[in-house]
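Residue numbers (my numbering), protein chains in the order written: chain A, 1 to 116; chain B, 1001 to 1114.
All C-beta atoms, glycine included, are put in the ideal place defined by N, C-alpha and C.
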Amino acid sequence: AQTVTQSQPEMSVQEAETVTLSCTYDTSESDYYLFWYKQPPSRQMILVIRQEAYKQQNATENRFSVNFQKAAKSFSLKISDSQLGDAAMYFCASDPPGGGSEKLVFGKGTKLTVNP
Amino acid sequence: GAVVSQHPSRVICKSGTSVKIECRSLDFQATTMFWYRQFPKQSLMLMATSNEGSKATYEQGVEKDKFLINHASLTLSTLTVTSAHPEDSSFYICSARDGLREQYFGPGTRLTVT
């Protein structure tokens, strides 16, 4: 079974600074997707960024970028120029292949605090 | 992006009663929907996978007779908590999957059983 591990229960960053959230996963598959989701206090899950395993180029979405190391099974999220609105729980997730009803496997989450 | 709605957002019910939560994909068809449960300060726990027109697939440890799931159309799935008890109080989240392997999440339903 696929597992996702987030080793940092909590992280903090100063506003305008950069922070990196760690995520490792374990899979025997070669084709899979990886995601970072944000859950603010409203508890609405918001997709931050996604990475297709077959793509070597790291995904980027504005201030959010990933460092995808396939051999090391590592998928970290870098948030640049942190803003107060970035404060939230961040969940790393994987989507293993299987055709049809692939289900997300979530890590336990990292609570990010942004200090003004 | 695609929008998924959930109704109600909050519900309080008495112990022993049943409560139904609806999950709708508003602007796309979802052949697969997922139901999650989230305890405070914890991650999402997948309860079941709901496929349109077929029986739901429940995760290990989830009572299918207690958590009834119906996926009657490509835009609607319902979760019914039957004979609810205080320990069923939780935050329930649904998601709907589009054809591009992306899941869109509903805003969640907070269930309180008194």
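Going by other Cβ atoms of all chains shown within 10 Å of its Cβ, with 16 needed for buried, is residue i buried or exposed?
{"i": "B:H1071", "result": "buried"}
{"i": "A:G100", "result": "Because the pLDDT of A:G100 is 45, which lies under 50, any placement of that residue in the model is unreliable, and the question is left without a value."}
{"i": "B:G1108", "result": "buried"}
{"i": "B:Y1104", "result": "buried"}
{"i": "B:R1010", "result": "exposed"}
{"i": "B:F1039", "result": "exposed"}
{"i": "A:A16", "result": "exposed"}
{"i": "A:K103", "result": "buried"}
{"i": "A:D95", "result": "buried"}
{"i": "B:D1088", "result": "buried"}
{"i": "B:L1100", "result": "exposed"}
{"i": "B:T1114", "result": "exposed"}
{"i": "A:Q56", "result": "exposed"}
Hey, residue i and residue j are a contact pair by Cβ (cut 8 Å); roughly how many whole angstroms apart?
{"i": "A:G37", "j": "A:Q51", "result": "For the sequence presented, residue 37 of chain A should be read as Tyr rather than Gly. Contact flag wrong, Cβ pair sits at about 13 Å."}
{"i": "B:C1013", "j": "B:V1004", "result": "Incorrect: roughly 23 Å between the Cβ atoms, too far for contact."}
{"i": "A:V19", "j": "A:A93", "result": "19 Å between Cβ atoms; not a contact."}
{"i": "A:D86", "j": "A:V114", "result": "5 Å"}
{"i": "B:S1043", "j": "A:G109", "result": "5 Å"}
{"i": "A:Q39", "j": "A:F91", "result": "7 Å"}
{"i": "B:M1033", "j": "B:S1054", "result": "No, B:M1033 and B:S1054 are not in contact; Cβ-Cβ is about 12 Å, not under 8 Å."}
{"i": "A:I49", "j": "A:E61", "result": "5 Å"}
Establish whether the CB of residue i and some CB of chain B are separated by less than 8 Å.
{"i": "A:S101", "result": "Because A:S101 carries a pLDDT of 48, less than 50, the predicted location of this residue cannot be relied on, and the following value inherits that uncertainty. Yes, because at least one Cβ of chain B sits closer than 8 Å to the Cβ of A:S101."}
{"i": "A:K108", "result": "yes"}
{"i": "A:M45", "result": "yes"}
{"i": "A:L104", "result": "yes"}
{"i": "A:Y33", "result": "yes"}
{"i": "A:P116", "result": "no"}
For residue i versus residue j, is the C-beta spacing smaller than 8 Å?
{"i": "A:K78", "j": "A:S65", "result": "yes"}
{"i": "B:Y1036", "j": "B:L1046", "result": "yes"}
{"i": "B:L1068", "j": "B:T1057", "result": "no"}
{"i": "A:L112", "j": "A:V13", "result": "yes"}
{"i": "B:E1022", "j": "B:T1075", "result": "no"}
{"i": "A:A53", "j": "A:D26", "result": "no"}
{"i": "A:R43", "j": "B:F1091", "result": "yes"}
{"i": "A:S22", "j": "A:Q6", "result": "yes"}
{"i": "B:A1048", "j": "B:R1097", "result": "no"}
{"i": "B:T1082", "j": "B:K1066", "result": "yes"}
Is residue i close to chain A, meaning its C-beta is less than 8 Å from at least one C-beta of that chain?
{"i": "B:Q1060", "result": "no"}
{"i": "B:I1069", "result": "no"}
{"i": "B:L1076", "result": "no"}
{"i": "B:P1040", "result": "no"}
{"i": "B:Q1103", "result": "yes"}
{"i": "B:L1026", "result": "no"}
{"i": "B:G1053", "result": "no"}
{"i": "B:I1012", "result": "no"}
{"i": "B:T1049", "result": "yes"}
{"i": "B:G1099", "result": "no"}
{"i": "B:G1016", "result": "no"}
{"i": "B:S1043", "result": "yes"}
Can you name the residues that DSSP bridges to residue i?
{"i": "B:H1007", "result": "B:E1022"}
{"i": "B:A1096", "result": "B:M1033 and B:Y1104"}
{"i": "B:L1172", "result": "The structure shown does not extend to residue 1172 of chain B, since chain B is modelled only from 1001 through 1114, so no value can be given for it."}
{"i": "A:Y54", "result": "DSSP output for A:Y54 lists no bridge partner at all."}
{"i": "A:K78", "result": "A:T20 and A:S65"}
{"i": "A:L47", "result": "A:Y37"}
{"i": "A:T110", "result": "A:Y90"}
Task: Positions along the region 81-98 of chain A whose CB lies within less than 8 Å of some CB in chain D - done: Reference to chain D is not applicable here, since the protein chains of this structure are A and B.
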